[in-house]
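When we follow the working numbering, the leftmost residue of the sequence shown carries the number 180, and every step to the right adds one.
Data block below; observations after.
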Amino acid sequence: MSRKGEEEEISEMELGHITNTNTGTRETDESNQNIDLCCSSNAVVTLAQKVIAEAIGTYFVIFAGCGSVAVNKIYGSVTFPGICVTWGLIVMVMVYTVGHVSGAHFNPAVTITLTIFRRFPYKEVPFYIVAQLMGSILASGTIALAMDVTPKDYFGTVPVGSNGQSLAIEIIISFLLMFVISAVATDKRAVCLYQELQ
Numbered sequence: 180m181s182r183k184g185e186e187e188e189i190s191e192m193e194l195g196h197i198t199n200t201n202t203g204t205r206e207t208d209e210s211n212q213n214i215d216l217c218c219s220s221n222a223v224v225t226l227a228q229k230v231i232a233e234a235i236g237t238y239f240v241i242f243a244g245c246g247s248v249a250v251n252k253i254y255g256s257v258t259f260p261g262i263c264v265t266w267g268l269i270v271m272v273m274v275y276t277v278g279h280v281s282g283a284h285f286n287p288a289v290t291i292t293l294t295i296f297r298r299f300p301y302k303e304v305p306f307y308i309v310a311q312l313m314g315s316i317l318a319s320g321t322i323a324l325a326m327d328v329t330p331k332d333y334f335g336t337v338p339v340g341s342n343g344q345s346l347a348i349e350i351i352i353s354f355l356l357m358f359v360i361s362a363v364a365t366d367k368r369a370v371c372l373y374q375e376l377q
């Protein structure tokens with residue numbers, strides 16, 4: 180087999196089109212592949228399962244991330260690097276946990292952006308946004324109930340400059356977040372299997 184033919188076969192294997200190069204077992208592999216596609220297809224996951232997964236994922240992201248900020252503010256024991264690590268790890272864990280079910284958006288901006296790029300069905304957008312809002316509200320309520328939060332314990336950020344400056348910085352930071360997510364989630368070179376599942 181030529182080098183080019185070998186590279187094409189490896190590419191087909193990576194995409195899941197060929198699971199074994201042995202001709203005698205190829206028929207079995209194709210039937211196994213059909214079973215795998217049937218059982219792991221996004222079509223098997225219902226909208227209710229996606230919405231529940233999105234609410235649970237959003238809940239834990241907000242609970243862990245904002246909880247670390249609250250613990251640091253009240254008790255001073257987490258530190259800024261600890262807060263950053265907590266946010267990064269909880270997002271990673273939730274993406275691995277529910278990403279295969281809901282896509283792990285956890286943020287209405289992500290859902291809307293993926294819809295604009297035609298990577299997400301517009302009919303599911305309202306359900307996802309409601310699930311994300313419910314998950315974050317429930318997580319915030321849990322933190323408020325679990326910790327002795329008083330009105331002096333304000334966990335948000337206060338703008339240093341004017342409202343216009345703060346809005347501009349928020350737009351830039353949100354653009355950066357969506358730029359990275361869009362590049363990773365929508366580029367065919369970054370996610371090859373996405374096209375195969377549609």
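No residue lacks a Cβ here, since even glycine has one placed at the ideal position from N, Cα and C.
Going straight from the alpha carbon of P338 to that of I351, what length do you get?
On the sequence shown, residue 338 is found 159 positions in, with the first residue counted as 1. On the sequence shown, residue 351 is found 172 positions in, with the first residue counted as 1. Those two C-alpha atoms are separated by around 15 Å.
Nearest-angstrom Cα distance between P287 and D332?
For the purposes of this step, residue 287 is taken as residue 108 along the sequence shown, with counting starting at 1. For the purposes of this step, residue 332 is taken as residue 153 along the sequence shown, with counting starting at 1. For P287 and D332, the distance between alpha carbons rounds to 27 Å.
Mind reading off the beta-carbon distance from G380 to A234? Whole number of angstroms is fine, and I expect it under 8 Å.
Lying outside 180 to 377, the shown extent of the chain, residue 380 is not represented and no answer is given.
Measuring only the C-alpha atoms, how far is S361 from S247?
Counting from 1 along the sequence shown, the entry for residue 361 is found at position 182. Counting from 1 along the sequence shown, the entry for residue 247 is found at position 68. Rounded to the nearest angstrom, the two C-alpha atoms are 27 Å apart.
For the structure I just gave you, are there three or more beta carbon pairs, one from the stretch 294-306 and one from the stretch 235-242, closer than 8 Å?
Output reads no: the stretch 235-242 does not touch the stretch 294-306.
Verify the CB distance criterion: does C263 have a CB-CB separation below 8 Å to chain C?
The chain labelled as chain C is not found in the depicted structure, where only one protein chain is given.
I'd like to know whether the C-beta atoms of I316 and V304 end up nearer to each other than 8 Å.
Numbered from its first residue, the sequence shown carries residue 316 at position 137. Numbered from its first residue, the sequence shown carries residue 304 at position 125. For I316 and V304, no; Cβs fall outside 8 Å.
Given a threshold of 16 other Cβ atoms within 10 Å of its Cβ, counted over all protein chains shown, does T329 qualify as buried or as exposed?
Start at 1 with the first residue of the sequence shown, and residue 329 comes out as number 150. So T329 counts as exposed.
Using the Cα positions of T365 and V274, report the straight-line distance between them to the nearest angstrom.
Here residue 365 corresponds to residue number 186 of the sequence shown, with the count starting at 1. Here residue 274 corresponds to residue number 95 of the sequence shown, with the count starting at 1. The alpha-carbon atoms of T365 and V274 are separated by roughly 16 Å.
Looking at the structure shown, is P300 part of a helix, part of a strand, or coil, going by DSSP?
Taking the first residue of the sequence shown as position 1, residue 300 is located at position 121. P300: coil per DSSP, three-state reduction.
V277 and V224 - do their beta-carbons sit closer together than 8 Å?
Here the question's residue 224 lines up with position 45 in the sequence shown. Here the question's residue 277 lines up with position 98 in the sequence shown. No.
In whole angstroms, what separates the C-alpha of E349 from that of G343?
Here residue 349 corresponds to residue number 170 of the sequence shown, with the count starting at 1. Here residue 343 corresponds to residue number 164 of the sequence shown, with the count starting at 1. Going by the C-alpha atoms only, they are around 10 Å apart.
In this structure, does DSSP put G314 in helix, strand or coil?
In the sequence shown, residue 314 corresponds to position 135, counting from 1. Note: G314 maps to helix in three-state DSSP.
Quick one: measure Cβ to Cβ for M326 and I269, integer angstroms, because I've assumed they're closer than 8 Å.
Along the sequence shown, read from residue 1 onward, the residue named residue 326 stands at position 147. Along the sequence shown, read from residue 1 onward, the residue named residue 269 stands at position 90. Wrong, their Cβ atoms sit about 17 Å apart, outside the cutoff.
What does a CB cutoff of less than 7 Å around S353 pick up in its chain, not counting 5 residues either side in sequence?
Walking along the sequence shown from the start, residue 353 turns up at place 174. Excluding residues within five positions, the ones whose Cβ falls inside 7 Å are A288.
Please report the straight-line C-alpha distance between W266 and N251, rounded to a whole angstrom.
Counted from its first residue, the sequence shown places residue 266 at position 87. Counted from its first residue, the sequence shown places residue 251 at position 72. Between W266 and N251, the C-alpha separation is close to 13 Å.
Let me know if A323 comes out buried or exposed under the rule of 16 or more other beta-carbons within 10 Å of its beta-carbon.
As a working mapping, residue 323 is identified with position 144 in the sequence shown. Looking at its Cβ environment, which holds fewer than 16 other Cβ atoms inside 10 Å, A323 is exposed.
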